[in-house]
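Asker:
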Amino acid sequence: MLGKTDKNASWFVVAALGLFFIGGLLTTVAPPLLDKSWSKPFENHDPAKGPTGKLVAYTDQEMRGYRIYIREGCKYCHTQQTRTLLSDTKRSGWKGVDSPVSTPDEFVYDWRQTFGTKRTGPDLSRIGGKYNKQWHKAHFNNPRDLVPGSIMPPFPWIANNPQELDDLVAYLQTRGRAKDWRPDNDYEQ
Amino acid sequence: MATQQGSASAAALANQDIHQDTTVKWFLLGAVGYFAIVGIIALIIAAKFVWPQFLGTIPYFTYGRMRPLHVNGMLFGWLLAADMGLAYYFVPRLCGVKLWSEKLGVATSILWNIIIISAIFTLLGGYQKGFEYADLPTPVAVLVVIAWVMFGFNIFATILTRKYNQMYVSTWYLMGTILWTAFVYLTGNFATLLPGITGVNQANLNWMYTHNAVGLIFTPAGLAVAYYFIPRASNSPLYSHKLSMIGFWSLAFVYVWTGAHHMLHGPISQWLQTISIVFSVMLLIPVWAVVYNFIATMKGQWHQLGDNVSLKFLMSGTIFYLLTCFQGPMHSLRSVNAIVSKTDWIPGHAHMAVLGTFSFLAMAGVYYVIPRIFKTTLHSESLANWSFWLFLIGGLGMFTALWLGGFWQGWQWNNPSIPFIDTVVALQPVWMVRFLSGIIIFLGIVLFMFNIVSTAISGGRNASEATARS
Ligand code: HEM
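In the order they appear, the protein sequences are chains S and V.
Per the numbering used here, residue 1 is the first one in the first sequence, and the count goes up by one each step.
Per the numbering used here, residue 1001 is the first one in the second sequence, and the count goes up by one each step.
(1) Using the C-alpha atoms, what's the distance from G1077 (chain V) back to S1464 (chain V)?
(2) Can you list, in chain order, the residues of its chain whose CB lies under 7 Å from that of V1336 (chain V), leaving out five sequence neighbours each side?
(3) Suppose you measure from the CA of R60 (chain S) to the CA of G1188 (chain V); what does that come to, to the nearest Å?
(4) Is any heavy atom of the ligand MG found at a distance shorter than 7 Å from the C-beta of I1044 (chain V)?
(5) Is it the case that the CB of M1432 (chain V) approaches a heavy atom of the ligand HEM more closely than 7 Å?
(6) Please give the ranges of any alpha helix (DSSP H) in the stretch 1315 to 1402 of chain V, keeping only runs that are unbroken, at least 4 residues long and fully inside the region.
(7) Using a Cβ-based criterion (distance less than 7 Å to any ligand heavy atom), does F1442 (chain V) qualify as near the ligand HEM?
(8) Residues of the stretch 50 to 66 of chain S in Cβ contact with chain V at a cutoff of 8 Å, in chain order, please.
(9) So G1056 (chain V) is in the alpha helix (DSSP H); what residue range does that whole segment cover?
(10) If we count the other Cβ atoms within 10 Å of its Cβ and call it buried at 16 or more, is L1314 (chain V) buried or exposed?
(11) Is it the case that the stretch 48 to 56 of chain S contacts the stretch 1201 to 1220 of chain V, given that we only count it when at least three CB pairs across the two stretches are under 8 Å?
(12) Please report how far the alpha carbon of R1372 (chain V) lies from the alpha carbon of F1360 (chain V), in whole angstroms.
(13) State yes or no: is the C-beta of Y1133 (chain V) within less than 8 Å of the C-beta of L1075 (chain V)?
(14) Have a look at I151 (chain S) and L1069 (chain V) and give me their C-alpha separation to the nearest angstrom.
(15) Rounded to whole angstroms, what's the CA-CA distance from M1001 (chain V) to G1056 (chain V)? Just pull it up for me.
(16) According to DSSP, which residues form a beta bridge with E43 (chain S)?
(17) Can you give, in chain order, each stretch of the alpha helix (DSSP H) that sits fully within the stretch 1228 to 1300 of chain V and has at least 4 residues?
(18) What is the DSSP secondary structure of W181 (chain S), reduced to helix, strand or coil?
(19) May I ask you to check if the CB of V1354 (chain V) is nearer than 7 Å to at least one heavy atom of the ligand HEM?
(20) Please confirm if the stretch 1354 to 1368 of chain V is in contact with the stretch 1301 to 1319 of chain V, defined as three or more CB-CB distances below 8 Å between the two stretches.
(21) Are the stretch 1216 to 1229 of chain V and the stretch 1171 to 1182 of chain V in contact at 8 Å, needing three or more beta carbon pairs?
(22) Using only the alpha-carbon positions, how far apart do H139 (chain S) and L146 (chain S) sit?
(23) Taking Cβ-Cβ distances below 9 Å as the criterion, which residues of the stretch 1390 to 1416 of chain V are in contact with chain S?
(24) Label I1346 (chain V) either buried or exposed according to how many other C-beta atoms from any shown protein chain fall within 10 Å of its C-beta, with 16 as the threshold for buried.
(25) Quick one: give me the first and last residue of the alpha helix (DSSP H) that E1102 (chain V) is part of.
(26) State yes or no: is the beta carbon of R1434 (chain V) nearer than 8 Å to at least one beta carbon in chain S?
(27) So what does S94 (chain S) bridge to, in DSSP terms?
(28) Any beta carbon of chain S sitting closer than 8 Å to that of I1059 (chain V)?
(29) Given 7 Å as the limit, tell me if H45 (chain S) has its C-beta closer than that to any heavy atom belonging to the ligand HEM.
(30) In angstroms, rounded to a whole number, what distance separates the CA positions of L1383 (chain V) and L1251 (chain V)?
(31) N141 (chain S) and P156 (chain S) look like a contact to me (Cβ under 8 Å); what is the Cβ gap, rounded to whole Å?
(32) Following a CB-centred definition, is M1074 (chain V) positioned closer than 7 Å to any heavy atom of the ligand HEM?
(33) Am I right that I1319 (chain V) and I1452 (chain V) are in contact with their C-beta atoms under 8 Å? What's the rounded C-beta distance?
(34) Checking 8 Å against the spacing of the C-beta atoms, do L1136 (chain V) and N1072 (chain V) come in under that value?
(35) Under three-state DSSP, which class holds N1015 (chain V)?
(36) So, do the stretch 97 to 117 of chain S and the stretch 38 to 45 of chain S have three or more beta carbon pairs nearer to each other than 8 Å?
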């Protein structure tokens, strides 16, 4: 059959698209139908089954912050996924508590996926509640004031714009909060 | 060498009447220009790793906006435009007919320039859509689709009017590129935006696109170029038609399955990760088939490398292709992935693919085509040779620094007792080497552009003198 594609362009088109669509459909359309956790928001009230909590939709303010996160390309330096690696759960953890791994049902309301591919800065999947607004303000204004040696860019136009700062911090404080993973509930505002 | 050049230009003369090549000129000169402009952006973002305050307080020049501009500018402004320009050159020649419409071709090129210029302004303005490699805002992405249809129509119409019944490998690869790109691009830019497509589902579609942008757009477009120019530049026939078929059809089947290998260990179904790993390893088949074919074609011809710049680029591109596509399957394995994923290893790998492999192949084509379509000789062979060595040395410096640095970085991350910021500070020398290598590569780009533009100008001058005489 493939021999014919050499001389006949129509045969070629059929074969090239046919082979492509087998893998294409099976890896894009089929998985969300097979794995319901991709579309069912996280909810668990039974501590025996792991961390409890419930994923809630974004507020308007959090959405505005989300847009700023995309606009400034934060995701080109930060991932948002605690992978199934021990070191990830330790590094996303805080005050001696390991973070739970990220699961698909925590991201169901995500309007733009922010999993990211590059960790020039640390993972942000559990940043919600780690620092308060004052810290973020100072950090956005000039990261090196708080963390010498940091190569995160300064964002003075966000730090000095109260509306944008509130919005972005509100978004950041949602990250990882669907799961109540810190036993002392000591999340910063 | 001299005789070979002579016979090649004799052949070019014989073709002179039927091929106008206006579209080729527009596309290639535009691509070379964007290569240099976006090269400056590349240096700026590389500098920001070493001097994070550099241009830091101006929103338009912040890293998170310039990086997508670098990526999209290089991929679409330079690389894809160069591959398209070369396709407008070799498809009519392989078919033995004129390009179906030069007017449509020039219009496509104008639209392409509009796209790239809008990309510069919208990305710096912060209007990025938010998907890697699909950062262009939707209206600009719509223009890309229109331009692609115009390109595809022109090429397919040329192929349908062909004089030679049998189609050469480059023609298949190019037809594959046109068809697959259409669907891959729609998936990444539009399917991701459909209502209800969020989170992991959206990421999976995004990865189907991003991975196949390299695998089913730049790979077949680049291989089409290599399959055409390796036999041309070395004046020797392709080693095996059968092998090229194996390479092509296995690529068509295997590549699209691998998208999820970008989220190994991440929040995506385990079985999907396993499928992507299995198919990633299977990618060795198309790669080795292609590389063996190229190397075997060169058998007995290696002495030509010395004074043939195009061949130098083609052969080092082939070697980089072999290495990239050895790395790829290896770091898809869970154990290796746990170390290198998300580190600087990944840009090291990505640049060996898009710079070391596909840009090298495209540059070989541009160096070969420009003197022929402007009916003159290359402005300077020795400058071209210099550009090759600058690209090779700068490229190797950048790749090795990023691999070693990335591996070391991943090693440190896997030891959670090392604070994250220490792993940032530890990478400073690596980023410095990347910046310095970037300067060397940029000098290569400048020499390349200067040579190409000078050749075009002298060709244009010859042509106007000829018309003045007649
Ligand atoms: C002057 C030479 C170059 C320099 C200094 C340079 C620098 C960079 C830097 C700093 C990044 C960001 C890496 C990170 O996130 O850590 C990057 C990413 C990228 N560059 Fe370049 N670049 C150069 C040439 C090119 C060329 C010629 C191409 C394509 C034809 C290219 C395509 C890309 C792509 C596709 C990415 C994204 C990689 C990924 O997805 O991980 N670059 N480059």
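Ideal Cβ placement from N, Cα and C applies to all residues, glycine included.
Answerer: Taking the geometry as given:
(1) So the alpha carbons of these two residues sit roughly 30 Å apart.
(2) Excluding positions up to five away in sequence, the list reads M1330.
(3) The amino acid at residue 60 (chain S) is misidentified as Arg; the sequence shows Asp. Those two C-alpha atoms are separated by around 26 Å.
(4) Judged by which ligands are present, the ligand MG is missing from the structure shown, whose ligands are the ligand HEM.
(5) no
(6) Those alpha helix (DSSP H) runs which fall completely within the stretch 1315 to 1402 of chain V and span 4+ residues are 1334 to 1340, 1345 to 1351, 1360 to 1373.
(7) Yes, the beta carbon of F1442 (chain V) sits closer than 7 Å to at least one heavy atom of the ligand HEM.
(8) Result list empty, no residue passes.
(9) Note, G1056 (chain V): premise wrong, no alpha helix (DSSP H); not H, not E.
(10) buried
(11) These segments do not touch.
(12) 19 Å
(13) Less than 8 Å divides the Cβ of Y1133 (chain V) from the Cβ of L1075 (chain V).
(14) 20 Å
(15) The predicted model places M1001 (chain V) with a pLDDT of 33, which falls under 50 and marks its position as unreliable; any figure quoted below should be read in that light. Cα-Cα distance, rounded: 51 Å.
(16) S:K54
(17) Whole alpha helix (DSSP H) segments, 4+ residues: 1241 to 1254, 1270 to 1282, 1284 to 1297.
(18) W181 (chain S) falls in the coil class under three-state DSSP.
(19) A distance criterion of 7 Å places the beta-carbon of V1354 (chain V) in contact range of the ligand HEM, judged by its closest non-hydrogen atom.
(20) yes
(21) yes
(22) Roughly 6 Å separates the two Cα atoms.
(23) Cβ contacts with chain S: Q1409, W1413, N1414, N1415, P1416.
(24) buried
(25) Going by DSSP, E1102 (chain V) is part of the alpha helix (DSSP H) stretching over 1102 to 1124.
(26) no
(27) The identity of residue 94 (chain S) in the sequence shown is Trp, whereas the question assumes Ser. DSSP output for W94 (chain S) lists S:V97 as bridge partner(s).
(28) For the record, residue 1059 (chain V) in the displayed sequence is Pro; it is not Ile. By this cut-off, P1059 (chain V) is an interface position.
(29) no
(30) Taking the CA atoms as reference points, L1383 (chain V) sits about 36 Å from L1251 (chain V).
(31) 6 Å
(32) yes
(33) Incorrect: roughly 24 Å between the Cβ atoms, too far for contact.
(34) yes
(35) Any reading at N1015 (chain V) is ruled out, since the residue's pLDDT is 48, under 50, leaving its predicted position unreliable.
(36) yes
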